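Have a look at this one:
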């Protein structure tokens, strides 16, 4: 009896394998020889790979297989051209003539017959016909056809040798032949094998190879797979190859085996359905009365049931044998690509043959993959579980798995270092939450919800569905229940007192969403800000009061809310209803119903259940501005119904969308400003709204009166603002309005008035004081800082220089005061840092505005020449003077302004006005001093990289930012010819320096 005819001997089964599954032991000698060779080649052995085992509570099933190893070889495709198609993509091996187990391909295949490999690499190959032809040969000569099939798999592994008939017929021929083959293969340089090759000729091979074996099982599912020879022979050789230490054999055999299991799953599912139908028919027939005709039909049905059940049992045995001999080991393979393919196919089997594979014995492999060190494997495992949970029949059987691995799933969703894994796990958590599967702890839900404000866009996008579900469950539904409960109590009291009340409650769904969204924003912003504050301070219990945030925290909160709105824009449709949100915020949420009743005509009535708290109102105003900004930039869904690419709509559509929003805001925005004008935190956001508007709307609607009120309101806010963000946003809006030349009749007088007031405020606070030497009180520092802040931003968009030059009969004008403040910066007072920064901004902008005036008048040339030298001297002193000690950031800013001014006065701007005498260049001595200053800063940056530095990380970061600002200014100076090109060597010498280039 040949080995192909032997019956398998598997205990407890109706069928048995051709030989016992002891491939690892048969490969002991082979492993020893291969290991010695790998050590000589300085490669990593399989034992070394096992040191990187995954650490898990279930680690017994997630270790790497000890039978395989070797480090990934360099995959350089051999460039030598093959002379014939037979040699294409294969490794050429010279085997001694004494070999009885191997032979060249040319000897194993008749010359007139084209091999399976030659046909399968053809992209136009008809796989179905190819399989049919092989089955015909199989029916004529099974042994020869099976050897052809084994050699086909070897050839697909990139090997040009074939197995001889002797090797095929021997008991352990597969082990001995592959061992001999590997001894020759490992002598060759690393190469790409066909299923991973990127070459055009090998590209269709993997797909066609998988189709071939899937089609083979499909066409032989009724007879050949049960003949005791086809499946058993494939299992024998594929098990041996998949346990090889030679990666091309191992990977190719695994791919084929996985596809065979997939095809057998389809057969198994069909057979199971057939068994159910046959059993149902038998039971129905048994219930009928007995007669000869019925008895014969009953016998046939019993026979059919027996046959189908035997086939199903055989299929299940095939699957079990393949799984235990191949999948179990390869799912722990040292190569991540093989592990990934195993996990991907396991999910496919579970979806196809649920009754067999949806079991904890198989599900645990997905759970163990969660701990894989390779991100692709973890990602594939998570995607597989998400697919399974979406199938209701399967999801009902996953409760034990969920309880076992839920902590690991939560950990991956919150902390996995790979973004793809985190994104896929977040999707999984969202799917489970919507299905009422509680996989996350309360703390985990809170942390996952906070990722809606992550600085990684993909993470924000992935968590959006989960956040929407959380809002619905934790905020919207409870609020609706509260409103209905309050209404029920009111109706109950009405019945007791015989008062007729409304039979039902009309809930304003939009307002419910707005209030719930505001509550969610308060919760998340508070949590995130507390976490960041605790991380910076090193404490764990510091709480944040939203009513008294610092400027930094206010800015962070604004960023958080903007990110949340942009992410949830397409998920919560109410966010796009900016008109409803404006109407909601125009109403007075601070007063009781009784107080409000007298003023319903102004702000409208709002019931207590919809009333916002102070914190909720602040964040919702912030959200409104974010919604308007998103609506202008991305458009509203209602206006994009006929647009094919909604992510990139035409500019004309966005322009029309902007006009629609602007027309509404012409009437509604003044009410919003009036309603919140006493709250600086709300006004900080609201004053930025005009930058989003198309100001033509005021002309189209003939609403010049409303426009006058708008600009006057902004002017009033600006000249009284104390918060930096409020000043900045208001300045941006005023600049936007000033560009509307068609409204200059309204703009010009109000901007002129604003210039007078702001410059006058600086004059008032500085007059009568020796600003350089006097001792500043806290109140004086605050007063000068606020007024200089307004002037610094005002001078950025309008020219107040004429007013600054006007001394108004006093000994000093405002420019002199500003110069004195810059001089005082040389003392390096930390509390006066902002004053110095604002003063330098004003000084540099002053000289730029003066130069700009030359475009329409050259009378100021003499004044500009004096002011130029005066300003340059002040900045030069701060940068290179030896007897001054300004703060590092002040010196860095002064250096940047000095570069800009020298660039301005060395440009061709003055050539066109015949004012060449105004041009000046940076003196050589000053260039040398600046270069030395920059070099010292570079050395300081290198010192900061020293591991022994005792500075905190935040302090290091701040100093690095200052130094990089200096290097940037120096680079700009060289580029603009302020500094001689020879000083570029100072920077070029740093090429490759980690201290510089990693930033």
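In UniProt numbering, the protein residues as written are 1 to 999. Cβ atoms here follow ideal geometry from the backbone N, Cα and C, with glycine treated the same way. These numbers come from a predicted model, not from an experiment.
query	result
Contact set for residue 662: own chain, Cβ-Cβ below 6 Å, skip 5 residues either direction	693, 694, 697
Cβ neighbour criterion (16 or more within 10 Å) applied to residue 383	buried
Validate contact between the stretch 130-138 and the stretch 164-174 using beta carbons, cut 8 Å, 3 pairs	no
Residue 78 (DSSP reduced to helix, strand or coil)	Because the pLDDT of residue 78 is 35, which lies under 50, any placement of that residue in the model is unreliable, and the number read from its coordinates should be weighed accordingly. DSSP places residue 78 in coil when its eight states are reduced to three.
C-alpha gap between residue 615 and residue 416, whole angstroms	33 Å
Alpha helix (DSSP H) runs wholly inside the UniProt domain "SCD" (327-412), at least 4 long, in chain order	336-352, 354-357, 360-369, 375-389, 392-395
Cα-Cα separation, residue 722 to residue 556	19 Å
For residue 104, the three-state DSSP class (helix, strand or coil)	strand
Residue 282 versus residue 325 - alpha carbon distance	37 Å
Where residue 125 sits in the DSSP three-state scheme	coil
Per-residue DSSP class, three states only, for residue 163	strand
4-residue-minimum alpha helix (DSSP H) runs that sit fully inside the stretch 443-479, ordered along the chain	457-471
Limits of the alpha helix (DSSP H) - the one that residue 782 falls within	778-794
Residue 587 versus residue 658 - alpha carbon distance	25 Å
The stretch 777-790 contacting the stretch 857-874, beta-carbon criterion three pairs below 8 Å	no
Residue interval of the alpha helix (DSSP H) (run including residue 928)	924-944
Reference residue 838, options 876, 799, 792, closest by Cα	792
Meets three-Cβ-pair contact criterion under 8 Å: the stretch 679-694 and the stretch 718-738	yes
Per-residue DSSP class, three states only, for residue 798	coil
Own chain, CB closer than 7 Å to residue 366, minus 5 neighbours either side, in chain order	343, 346, 381, 384, 385
From 411, 354, 378, residue whose alpha carbon lies closest to that of residue 396	354
Buried versus exposed call for residue 515 [16 or more other C-beta atoms within 10 Å across all chains shown]	buried
Neighbourhood of residue 552 by C-beta, 7 Å cutoff - its chain only, sequence neighbours within 5 removed	none
Coil, strand or helix - residue 223 by DSSP	coil
Whole-angstrom distance between residue 316 and residue 329, CA atom to CA atom	19 Å
Three-state secondary structure (DSSP) of residue 702	coil
Distance between residue 211 and residue 269 (C-alpha atoms, nearest Å)	19 Å
Alpha-carbon to alpha-carbon, residue 286 and residue 121	54 Å
Same chain, Cβ closer than 6 Å to residue 849, neighbours up to 5 away in sequence not counted	799, 801
Residue 979, DSSP secondary structure in three states	coil
Nearest-angstrom Cα separation, counted from residue 764 out to residue 808	12 Å
Environment of residue 882 [buried if 16+ CB atoms lie within 10 Å]	exposed
Close Cβ partners of residue 986 (< 8 Å) along its chain, the five nearest in sequence each way excluded	931, 934, 935, 938, 970
When 656, 611, 620 are compared against residue 633, the one with the closest alpha-carbon	656
Continuous alpha helix (DSSP H) stretch holding residue 745: start and end	744-766
Through-space distance from residue 232 to residue 5, alpha-carbon basis	With a pLDDT of only 36 at residue 5, under 50, the local geometry of the prediction cannot be trusted, and the value read off the model is given with reservation. Going from the Cα of residue 5 to the Cα of residue 232 covers about 9 Å.
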